[in-house]
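Chemist: This is the structure I want to talk about, given as structure tokens.
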């Protein structure tokens with residue numbers, strides 16, 4: 476059965492991306508490659524990484540890429556974002572990182588990042604960096620179920636793939652119902668019951684943040700099966716791939 480390879484958080488780590496591509500090639504049955512944002516970061520090889528994404532080698536999949544948090548920070552730094560000041564970046568990482576991001580991601584690359592999609596809707600799946608609320612919202616195994624349901628319901632999908640947290644997880648919401656009612660001064664509550672189908676939120680892992688280890692997700696649409704892949708790379712590690720069953724939450 477054909478699978479999707481879904482990854483996020485390359486963060487300019489070209490070696491990690493090459494290791495993941497090699498592992499995807501070994502799978503042999505991957506029909507689509509999604510990159511859910513944070514492809515660039517404050518790394519010297521960020522430009523080479525973007526060039527690699529823009530020019531797949533013969534026989535490689537054309538990556539489908541959407542914006543992430545780091546891309547938004549690049550846009551803000553170059554005066555192309557929704558806000559005028561990189562206050563969040565400065566508070567989170569400090570002035571040195573702001574300078575590195577400015578130095579390592581060129582203006583032409585930022586213009587290219589600007590045209591990336593916000594996310595992808597395929598079959599009954601939404602693939603996005605943060606959530607349906609914002610690019611910087613982190614969905615994690617600790618997120619309350621009602622919040623997860625809200626994020627899924629906004630786009631009326633059963634499967635939401637996200638990468639902002641950098642975690643690999645499978646968060647399942649079982650089928651059930653929700654009763655709501657509104658009470659006013661003039662009338663009692665009028666309860667309404669809404670039936671909810673089984674849905675899930677999948678954190679796809681992070682490719683580039685941890686040196687020597689990249690984690691991405693394989694998804695089989697026909698069976699709704701989720702599998703996490705851990706790829707070891709670097710000197711003496713030989714691009715070893717390790718398959719990990721999804722962790723239910």
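Numbering (this note's numbering), first residue to last: 476 to 724.
Just so it is clear, CB atoms sit at the ideal spot from N, CA and C, and this is done for glycine as well.
Between residue 611 and residue 544, which are expected to be in contact by the criterion C-beta below 8 Å, what is the C-beta distance as a whole number of angstroms?
Modeler: What you label residue 611 is simply residue 136 of the chain shown in a count that begins at 1. What you label residue 544 is simply residue 69 of the chain shown in a count that begins at 1. Their Cβ separation, rounded to whole angstroms, is 5 Å, which keeps residue 611 and residue 544 in contact under 8 Å.
Chemist: Would you kindly report the start and end of the unbroken beta strand (DSSP E) that includes residue 704?
Modeler: Looking up residue 704 in the chain shown gives position 229. Element bounds for residue 704: 700-707.
Chemist: Does any C-beta atom of chain C lie closer than 7 Å to the C-beta of residue 684?
Modeler: The structure shown contains no chain C, having only a single protein chain.
Chemist: Is it buried or exposed for residue 590, if we count other Cβ within 10 angstroms and need 16 for buried?
Modeler: Taking the chain shown and counting its residues from 1, one reaches residue 590 at position 115. That one is exposed.
Chemist: Given a threshold of 16 other Cβ atoms within 10 Å of its Cβ, counted over all protein chains shown, does residue 537 qualify as buried or as exposed?
Modeler: The residue labelled residue 537 in the question sits at position 62 within the chain shown. Exposed is the call here.
Chemist: Between the Cα of residue 479 and the Cα atoms of 616, 630, 579 and 598, which residue gives the shortest distance?
Modeler: Taking the first residue of the chain shown as 1, we reach residue 479 at position 4. Considering only alpha carbons, the answer is 598.
Chemist: Measuring CB atoms only, is the segment 672-689 touching the segment 633-644, in the sense that at least three cross pairs come out at less than 8 Å?
Modeler: Because the criterion of three Cβ pairs below 8 Å is met, the segment 672-689 and the segment 633-644 touch.
Chemist: What would DSSP say about residue 493, mapped onto helix, strand or coil?
Modeler: The residue labelled residue 493 in the question sits at position 18 within the chain shown. Reduced to three states, the DSSP call for residue 493 is helix.
Chemist: Residue 602 and residue 481 look like a contact to me (Cβ under 8 Å); what is the Cβ gap, rounded to whole Å?
Modeler: Start at 1 with the first residue of the chain shown, and residue 602 comes out as number 127. Start at 1 with the first residue of the chain shown, and residue 481 comes out as number 6. With a Cβ gap of about 6 Å, residue 602 and residue 481 count as contacting.
Chemist: With a cut-off of 8 Å on the beta carbons, I'd call residue 627 and residue 674 a contact; round off their distance for me.
Modeler: If you number the chain shown from 1, residue 627 lands on position 152. If you number the chain shown from 1, residue 674 lands on position 199. The distance from the Cβ of residue 627 to that of residue 674 is about 5 Å, consistent with a contact at the 8 Å cut-off.
Chemist: Apart from the five residues just before and just after residue 558, which ones in its own chain have a Cβ nearer than 8 Å to its Cβ?
Modeler: The sequence position of residue 558 within the chain shown is 83, counting from 1. So the qualifying residues of the chain are 551.
Chemist: What ranges does the beta strand (DSSP E) occupy inside the segment 546-611, keeping only unbroken runs of at least 3 residues that lie completely in it?
Modeler: Entirely contained in the segment 546-611, the beta strand (DSSP E) runs reaching 3 residues are, in chain order, 594-597 and 600-603.
Chemist: Three or more C-beta pairs under 8 Å: does that hold for the segment 573-588 against the segment 615-633?
Modeler: Short answer: they don't touch.
Chemist: Cα-Cα, which of 587, 496 and 634 is closest to residue 600?
Modeler: As a first step, residue 600 must be located in the chain shown, where it is residue number 125. Checking every option, the nearest Cα to that of residue 600 belongs to 634.
Chemist: Going by the DSSP bridge assignment, what does residue 686 pair with across the sheet?
Modeler: Within the chain shown, the letter at position 211 stands for residue 686. Its beta-bridge partners do not exist; DSSP assigns none.
Chemist: Any idea what DSSP makes of residue 507, helix, strand or coil?
Modeler: Residue 507 sits at position 32 when you count from the first residue of the chain shown. Three-state DSSP puts residue 507 in a strand.
Chemist: Can you check DSSP and say which residues form a bridge with residue 624?
Modeler: By one-based count along the chain shown, residue 624 stands at place 149. DSSP, once it has assigned bridges, lists no residue as partnering residue 624.
Chemist: At the level of alpha carbons, what is the spacing between residue 624 and residue 700?
Modeler: Working through the chain shown from its first residue, we reach residue 624 at position 149. Working through the chain shown from its first residue, we reach residue 700 at position 225. Going by the C-alpha atoms only, they are around 20 Å apart.
Chemist: DSSP state of residue 542, grouped into three classes?
Modeler: Here residue 542 refers to the residue found at position 67 of the chain shown. In this structure, residue 542 counts as coil in the three-state DSSP scheme.
Chemist: Please report how far the alpha carbon of residue 539 lies from the alpha carbon of residue 686, in whole angstroms.
Modeler: Here residue 539 refers to the residue found at position 64 when the chain shown is read from its first residue. Here residue 686 refers to the residue found at position 211 when the chain shown is read from its first residue. In a straight line, the C-alpha of residue 539 is about 24 Å away from that of residue 686.
Chemist: Could you pull the start and end residues of the beta strand (DSSP E) that residue 674 belongs to?
Modeler: Here residue 674 corresponds to residue number 199 of the chain shown, with the count starting at 1. Residue 674 -> beta strand (DSSP E) spans 674-679.
Chemist: Between the alpha carbons of residue 525 and residue 507, how many angstroms are there, rounded?
Modeler: On the chain shown, position 50 is the one that residue 525 refers to. On the chain shown, position 32 is the one that residue 507 refers to. Their Cα atoms are separated by approximately 19 Å.
Chemist: In this structure, does DSSP put residue 649 in helix, strand or coil?
Modeler: In the chain shown, the residue the question calls residue 649 occupies position 174. In this structure, residue 649 counts as coil in the three-state DSSP scheme.
Chemist: Once the 5 residues before and after residue 514 are set aside, which same chain residues still bring their CB inside 6 Å of it?
Modeler: Counting from 1 along the chain shown, the entry for residue 514 is found at position 39. Within its own chain, the residues whose Cβ lies closer than 6 Å to the Cβ of residue 514, once the five positions on either side in sequence are excluded, are 485, listed in chain order.
Chemist: Evaluate residue 517 with the Cβ neighbour count: other Cβ atoms within 10 Å of its Cβ, from every protein chain shown; 16 or more gives buried, anything less gives exposed.
Modeler: For the purposes of this step, residue 517 is identified with residue 42 of the chain shown, where counting begins at 1. The residue in question, residue 517, is buried, as its Cβ has 16 or more Cβ neighbours within 10 Å.
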